Each structure stands twice: as structure tokens, then as C-alpha cells.
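Each protein sequence line maps, in turn, to chains A and B. The numbering used here applies: residue 178 is where the first sequence begins, and numbers increase by one. The numbering used here applies: residue 614 is where the second sequence begins, and numbers increase by one. Ideal Cβ positions, reconstructed from N, Cα and C, are used throughout, including at glycine. Since this is a predicted model, take the numbers as computed values, not measurements.
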Amino acid sequence: MTSHDPYGERWFDHEAGPVVRPYAVTNGRTLPNSSASFGLIDVVVATGERSSEHFRPGPEHRRILRLCRRPTPIVDLTSEVDLPLGVVRVLLGDLTNEGMLRVVSAQRQPVPDQRLLRMVLDGLESL
Amino acid sequence: MDLNRFDGTHHDSGPARADVPPTAKIVIAGGFGVGKTTLVGSVSEIRPLRTEEPMSDRSVGIDDTHGVSTKTTTTVAMDFGRISFASQLVLYLFGTPGQERFWFMWDDLAYGAIGAVVMADTRRVADCFASIDYFERNEIPFIVAVNCFDDAPRFEPEDIRIALTLSPEVPVILCDARDRDSVKKVLISLAKYVMVSRSHASKAGLS
């Protein structure tokens, strides 16, 4: 590469974006194939179950499972695997359907209760 | 009382339950460039992280190759920060995407949130109208934090309340998004306000 680039700005490596389009990882599926909901601060954890015969986890599935050996909030997981949230949700749907992953819902109620609010306030005041 | 349930937020059973931290979230909203990411960064234990969503005008379909070359894709980013407390609680702060056309993401951010901080800049007060409308419409408690930029005109909180036509109970406070203690005060004000407004709401619901 010369310092003079007749084609203007070129993108290389990471700057050029993913080689595989994000939703290729999900075979084009944009919605989870699962009744579970995956809120941003819901926590997911691997159950240790093996996959059934008809399901072959892809590399991204396996990465998620490795990261979820410890309970992990979905937003942290998404940031860690560096995939769009929508893609992660589809993959989480596959894994929960297979019983390989469990969701612990933090957001089952749309309104937080007083006990949680008290915990937040106490925490902030002790910062 | 169920002593096995270690907090009021998680409802599940299974062997991993004891390890699962309770989580909560607060939404940080306001116009473009008002200091949302700065505010999050002032209190977050991590550098504000960013997750990105590729967006396009077309829905994604496996066989849909028609018009691919003209498809425009933009990326909507959401910034978030994290604070872990001694109680195991993990509090997340989510900055809303700058462009307000991404309303569907707001629903994701707002669902189950404790409440919201709407940041205002006195040089461009109108920029936060959309955020205020959103939280009022969705009955999510919010406070207004006026980020005091060095070169911005100073106003009394009451003047700002009038300019934004806020109801009298909504707290309006001045802050410096770069200052950790100042941001801490903002979040404490929100938590106190939400506790009071939620307890009023539940009493009203019982009567």
C-alpha cells in the first residue's frame, strides 16, 4: 500500500466490517424461535445439558455457552460476543429451546418493586 | 416470606439461582450531544460500552436479494455503563440512541426500567421534548437533569420547569455530567422520586 491512494479512503481488516453479514449467523432469522423473552438486563446461564441430535450448535452458539457458564446479563453478553442484540436474541432462543440455556428474568414485571428501588438507593448512596 | 428467594426481582428456580445477581436499569435520555455518554462514563465502573444494531429500511429475508445494491444500512448504537454494588446488585445505565426515529429501541431500553433521567441543555431546550413526551406517554417516572455547560446561559430550575411545561412534582436539578458526585446526586434524586411516586401509585391502585 502506498501513501497515495488514488481510490480515496480504503477500509481494511476490522474497519471494513464483518466478512459475514450479521444475520447470516442466524440463517436470516430475525426473531427468536422461542417463547422466552430476552430483556437487556435479564440474566442467562448455561444449564450444562447436551444438545439433542437434530441440533448442531454453531460457533456463535458455542461461544455464548462458554460465556454463560457463569450467570451473565444479556447486555454484557451481547457486548462480549460483539454481535447485534437481535442476532444474540435469535441464538439465545435456539439454546433455550434446546434446554442448554436458562433465562432468569429480571424484567418480568414492567414496574420495579420497592425492595429493588431501596437496594438501588442504598447502593447509590454508598458510592 | 419465602426465604429462598433472595431478592424481589427474579422468579425462577434451579441450581444456579444463588449466583444470579439482581439487575436494574436506568435510562439516560436527551437530545444529541447533551452529554449522555459523559454522564454514564462519570459513574460507570467500565468505559461506556457500545452495542450496535445494523438497521435497514427493508426487513431481512433469506431469499430477498431484490434491491440489495440500493439497500442503505445504518447502525444504531446504544451506550451503556454498569455499577456493581456490595449488595450484589448490578445497576445498568443505558443512553438512548441519538436519533429519535429508533423508537423501537426505546421500548427495549425502557421496559422494566426503574426510571429515566432526561438531560437538558439550556441552549437547546427543545431537544428534550421528544424524550419527555415518550416517558410521560409510557408512564415511566423521570427527572430532568440540566447539564450545565460552561458557556450555556444559567437558569433557575423553576424557569426550566416552565419552559418544559413539566408537572410540579417532577424534579429538575442542575448537574455537571463530567462530575461523579454530581451525577451520583442525579441518580439518587431519581431513585428517591421513583420510590415516592411508585408508592403513591400503588396506594392509589388499592383504593
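Requested in this report: Label B/L572 either buried or exposed according to how many other C-beta atoms from any shown protein chain fall within 10 Å of its C-beta, with 16 as the threshold for buried.
Outcome: Absent from the structure is residue 572 of chain B, since the part of chain B shown begins at 614 and ends at 820.
Report task. Determine the direct distance from the alpha carbon of A/D190 to that of A/V297, and round the result to whole angstroms. Result -> 42 Å
Query raised in the report: Applying a beta-carbon distance threshold of less than 8 Å, which residues of chain A neighbour B/I801?
Result: L298, L301 and E302
**Report entry** Residue-chain proximity (B/A758, chain A), Cβ-Cβ < 7 Å
**Finding:** no
**Report entry** B/T685 versus A/P248 - alpha carbon distance
**Finding:** Since pLDDT at B/T685 reaches only 48, below the 50 mark, its modelled position is unreliable, and the value read off the structure follows with that caveat. Their backbone Cα atoms lie some 37 Å apart in a straight line.
Query - Among A/R198, A/W188 and A/A213, the one whose alpha carbon lies nearest that of A/V264 - result: A/R198
Requested in this report: Please list the residues of the segment 226-249 of chain A that have a C-beta atom closer than 8 Å to any C-beta atom in chain B, keeping them in chain order.
Outcome: R247 and P248
Query raised in the report: So with Cβ pairs under 7 Å, would you call A/S256 a contact of chain B?
Result: yes
**Report entry** C-beta neighbour in chain B for A/P365, strict 7 Å
**Finding:** Nothing about residue 365 of chain A can be reported from this structure: the residues present for chain A run from 178 to 304 only.
Report task. Closer than 9 Å by beta-carbon distance: list the chain A residues that pair up with B/F768, in chain order. Result -> Near B/F768 there are no residues of chain A at all, since even the closest Cβ is about 26 Å away, more than 9 Å.
Query raised in the report: Under 7 Å, do A/V258 and A/R240 count as touching if we go by C-beta distance?
Result: yes
Query raised in the report: Of the residues B/T636, B/V738 and B/D720, which one's Cα is nearest the Cα of B/I753?
Result: B/D720
Requested in this report: Output the distance between the C-alpha atoms of B/V653 and A/E230, rounded to the nearest integer angstrom.
Outcome: 45 Å
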